[in-house]
Amino acid sequence: MDKIYTTDRENFRKYTDNETFDKIVSYGTVGEMWKDCINKYAALTAIEDDGKKYTYGQLEEDASYFRPLLGEGKRAAVLCPNSYEFVKAYLAAVTSGNTAVILPPQLPADAVYGCCMKLGANELIYHPALEEKLATVKTAAPQLPLINVMAKADKPEGVKDSQPDDPCAVMFTGGTTGRSKGALLSHRAVMEGTVNGCYGYKEVFNQRYLLVLPLSHVFGLIRNLMTSLYTGSALYICRNNKDMFRDIALFRPTVLVLVPALAEMALMLSYKFGKNMLGPDLKYIICGAAAVSPYLIREYYKTGVLLLAGYGLTESANLVSGNPDSIGKPESVGIPFPNQTLRVVDGELWLKGDNMMDGYVNEPEESKAAYEDGWFKTGDLVRIDDGFLYITGRSKEIIVLSNGENVSPAEVEARFNAPSFIQDSQVFEDVLPNGGHILALEVVPRMPELKGVEGNVKEYIISELEKINKELPPYQRVSRIEVRDTDFERTPSMKIVRYRKCK
Amino acid sequence: MQMRREEIADKLKDILLSASDDPDVLDKCTEDAKLQTDLGLTSVNMLYTVIAIEETFDIRFDDVTVTSFDTFKDVINYIEKKLA
Chain A
-9 MDKIYTTDRE NFRKYTDNET FDKIVSYGTV GEMWKDCINK YAALTAIEDD
41 GKKYTYGQLE EDASYFRPLL GEGKRAAVLC PNSYEFVKAY LAAVTSGNTA
91 VILPPQLPAD AVYGCCMKLG ANELIYHPAL EEKLATVKTA APQLPLINVM
141 AKADKPEGVK DSQPDDPCAV MFTGGTTGRS KGALLSHRAV MEGTVNGCYG
191 YKEVFNQRYL LVLPLSHVFG LIRNLMTSLY TGSALYICRN NKDMFRDIAL
241 FRPTVLVLVP ALAEMALMLS YKFGKNMLGP DLKYIICGAA AVSPYLIREY
291 YKTGVLLLAG YGLTESANLV SGNPDSIGKP ESVGIPFPNQ TLRVVDGELW
341 LKGDNMMDGY VNEPEESKAA YEDGWFKTGD LVRIDDGFLY ITGRSKEIIV
391 LSNGENVSPA EVEARFNAPS FIQDSQVFED VLPNGGHILA LEVVPRMPEL
441 KGVEGNVKEY IISELEKINK ELPPYQRVSR IEVRDTDFER TPSMKIVRYR
491 KCK
Chain B
14 MQMRREEIAD KLKDILLSAS DDPDVLDKCT EDAKLQTDLG LTSVNMLYTV
64 IAIEETFDIR FDDVTVTSFD TFKDVINYIE KKLA
């Protein structure tokens, strides 16, 4: 039976002090928020990039000399790597009545052209470092105005007012499940996502954020950049992931927004070198975009860092829920953020809310298929206990066995991931040479946790996993266990690529 | 005093043992072993390796990507050159 859950921002009050909580206010548009930021934080550092610091006042001045180049009511494609210039271009576009179409900087030249056409871009802002990616656009669409992000108008132009329902940004999504699409986010949705990043922890304002995630992903753009600006914090842009720890030592961030694979790597490096690689001032790691293992939460807690897991989608302007009690409930993705309604239909999560997108750009079929009766169907299987949300799998990944039983791989994997020496696992349906179908398990071990094991390490792992297997309900038990020598194949956002051995 | 090639290789093997997901990685670690195909290093493993090398040898890599090195030997040569 369906169940409907409402949300309430008061659910988060007890996780911070009243003064901080009451400072978390809503804005209808990015322009409205930004005008307030300039007033309140003008002299504070907004961005540190490439050895330079830029205050909120300086960022606004630079944006003001860029706005006149963009016009109004246009879709401005933004093709820039993570940099101060990206921030300036994005802010200028969305505070001048334009929509920023964020293109991933790794796109090849043909795809840059294809995306500009498909997403209806009226102009293209580019960083000179990526000029070679304009080759196809220049020949196939010579009419498309190209704007160098370094260009400057003669006169400045202030923030233009928009309405909450006006389009703000188009973000790429769908890379793991199918064709890439552009999700259209209104000002209301972007601001809702931005404010959601403030709930569930104590120290919210005037923090020091370090950016390692791509700004072309909602987790980078909204949770990292937008929430940092909203809270008057300083954002240090790490230009190359390999310099992450050197940058951390220099900048001493208090908040890091990471995918689990990076959080795990930082922990392993800290163990190897016997020192805290994430700096002495770090208080929080905001972790999402893939499942977070309770092992990571517990290990970071020992070092005095709270790792807060969350759940979200590009289509929900990033954040749907965040876990303020990650130690008490490490398996949960937390409490749903305000101004949403959640409905669970046959285990699948459906959403309505101010944070939701207005459909996929120029994709009427895909947009229609994503909704039912006005609800956005997430495709994620969930349960809600005591107000806390748990992800139990993806509806598309459900394996239907020959006896009709349904197995959610993620649910079974969570059991096999429980020992600290298992880093990741994948449960999938495999076909035997005789045509029979079986459930199989592959695991990637966490080697430092196996140091004390004597004898054959792989045999030890398998014997421990077999014990877990025996405790599972019969239909969830796997018939084959394999310990991998290599990590699973991963997407650019470091999610595991699922096997599709049986169609 | 300059570090001997064998010393560099030993330290590098120690890093690979913690970077790799393969418990038998050291058995496969000949000078000509290919990092991606023979030793199975992914982009995350490689990032770990690069950072751990910088920390261990106190050197700085130039702009490096996962495809910058093909074999184990290439990495030793690069470190040797940097330390020279």
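Chain order of the listed sequences is A and B.
So for the first sequence, this note's numbering puts the first residue at -9; every next one is plus one.
So for the second sequence, this note's numbering puts the first residue at 14; every next one is plus one.
Where is the CB? At the ideal position from N, CA and C, for every residue including glycine.
Measuring only the C-alpha atoms, how far is E147/A from A408/A? 56 angstroms
Would you decide whether M267/A is buried or exposed? Buried here means 16 or more other CB atoms lie within 10 Å of its CB. buried
Could you pull out every residue in the same chain whose Cβ sits closer than 8 angstroms to the Cβ of A131/A, ignoring the five residues on either side in sequence? Y103, C106, M107
Do you know offhand how far H427/A's Cα is from T55/B's? 30 angstroms
If you draw a straight line from the alpha carbon of Q197/A to that of K64/A, how long is it in whole angstroms? 34 angstroms
Is the CB-CB distance between E207/A and V20/A below 7 angstroms? First, the amino acid is wrong: residue 207/A is His here, not Glu. No, Cβ-Cβ distance for H207/A and V20/A is not below 7 angstroms.
Considering only the alpha carbon of each residue, which of V397/A, E9/A, D376/A lies closest to R384/A? V397/A
Which same chain residues, not among the five before or five after C188/A, have their C-beta less than 6 angstroms away from its C-beta? I14, V194
So what does F70/B bridge to, in DSSP terms? F70/B is not bridged to any residue.
Looking at L379/A: is its Cβ nearer than 7 angstroms to the Cβ of N186/A? no
Within its chain, find whatever has a CB closer than 7 angstroms to the CB of V468/A; leave out the 5 residues flanking it on each side and keep chain order. V417, L429, A430, L431, N459
Residue environment, R18/B, which counts as buried when at least 16 other CB atoms sit within 10 Å: exposed
Quick one: is T43/B near chain A, going by C-beta distance under 7 angstroms? no
Using a beta-carbon distance below 7 angstroms, is E68/B in contact with chain A? yes
Indicate whether the contact test is met: 3 or more Cβ pairs, each with one atom in the region 225 to 238 of chain A and one in the region 58 to 77 of chain B, closer than 8 angstroms. yes
Does the beta-carbon of G269/A have 16 or more other beta-carbons within 10 angstroms, so that it is buried, or is it exposed? buried
Going by the DSSP bridge assignment, what does I(-6)/A pair with across the sheet? R333/A
Within 7 angstroms (strictly less), CB to CB, does T107/B reach chain A? The requested residue 107/B does not occur in the structure, where chain B is confined to residues 14 to 97.
In chain A, what lies closer than 8 angstroms to D37/B by C-beta? D475
Could you name the residues of chain B that Q413/A contacts, counting a contact when the two beta carbons are closer than 9 angstroms? D34
Compare the C-beta of L96/B against all C-beta atoms of chain A and say whether one is closer than 7 angstroms. no
DSSP-derived helix/strand/coil call for P399/A: helix
Have a look at D375/A, T6/A, V334/A, G61/A and flag the residue whose alpha-carbon is nearest the alpha-carbon of W365/A. V334/A
What's the C-alpha gap between K448/A and R73/B? 36 angstroms
Determine whether the Cβ of L29/B lies closer than 7 angstroms to any Cβ atom of chain A. no
From V139/A to I115/A, what distance separates their C-alpha atoms? 6 angstroms
Nearest CA to the CA of N112/A: which residue from K123/A, V127/A, L248/A? V127/A
Identify whether G168/A lies in helix, strand or coil by the three-state DSSP scheme. Legend: pLDDT at G168/A = 49, less than 50; position of this residue unreliable, no value from coordinates given.
Output the distance between the C-alpha atoms of A307/A and V91/A, rounded to the nearest integer angstrom. 14 angstroms
Since R480/A meets chain B, which of its residues come closer than 9 angstroms, beta carbon to beta carbon? T55, S56, V57
What residues match up with V91/A in a beta bridge as DSSP calls it? A67/A, V160/A
Please list, in chain order, the residues of the region 284 to 312 of chain A that have any C-beta partner in chain B closer than 7 angstroms. none
Which residues does DSSP list as the beta-bridge partners of S415/A? V433/A
Use the C-beta contact count for M255/A: other C-beta atoms within 10 angstroms, 16 or more gives buried, fewer gives exposed. buried
Could you pull out every residue in the same chain whose Cβ sits closer than 6 angstroms to the Cβ of T217/A, ignoring the five residues on either side in sequence? T184, G187
Validate contact between the region 44 to 60 of chain A and the region 240 to 256 of chain A using beta carbons, cut 8 angstroms, 3 pairs: no
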